[in-house]
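If you read the sequence shown in this note's numbering, its first letter stands for residue 508, the second for the next number, and so on. Cβ coordinates follow ideal geometry from the N, Cα and C atoms, glycine included. The model shown is predicted, which means the values in this text are computed figures rather than measured ones.
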Amino acid sequence: MIQLTFASLQVRNLEASKSFYTNKLGFDIDSTNPQACVFKYNQGQASFAIRTPLEPLEGKELGIGVALWFAVEENVDELKEKFITNGVTTTGAIIETPFGRAFHVKDIDGYKLTFLNTK
508 MIQLTFASLQ
518 VRNLEASKSF
528 YTNKLGFDID
538 STNPQACVFK
548 YNQGQASFAI
558 RTPLEPLEGK
568 ELGIGVALWF
578 AVEENVDELK
588 EKFITNGVTT
598 TGAIIETPFG
608 RAFHVKDIDG
618 YKLTFLNTK
């Protein structure tokens with residue numbers, strides 16, 4: 508393998524998740540269909556999707572063990588405050604990683620999203 512080219516997360520409610528990612532996190536929609544919504548972030552540099560379930564999700568906990576990392580140009584302190592103001596659940600303080608300063612949020616299905624400033 509040389510590169511991960513795409514990721515998609517199965518969500519319980521496609522419309523609610525689409526609203527969370529666009530209205531609270533500021534992701535731009537690249538394309539949609541009845542089963543999925545593809546996002547582009549930072550002018551298309553990080554593309555991923557949310558989609559309707561491929562299998563029944565009832566009684567299952569989503570998001571456990573999954574983390575998507577997004578490198579951002581924004582100041583992570585300011586971005587974290589913006590997300591908090593938008594009602595996004597953050598999970599802990601800003602941390603220093605081997606890759607740069609980062610913080611984590613959870614989406615409405617429990618998927619962990621990490622926003623990382625590499626500068």
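Between Leu623 and Phe577, the C-beta spacing is below 9 Å. Look at Asp537 here: in three-state DSSP terms it is strand. DSSP, read as helix, strand or coil, puts Glu580 in coil. For Leu521, the enclosing alpha helix (DSSP H) begins and ends at Leu521 to Ser526. A residue is called buried when at least 16 other Cβ atoms come within 10 angstroms of its Cβ; Ser524 meets this threshold and is buried.
Residue nearest to Ile557 within the set Glu565, Leu511 and Pro541 is Pro541 (criterion: CA-CA distance).
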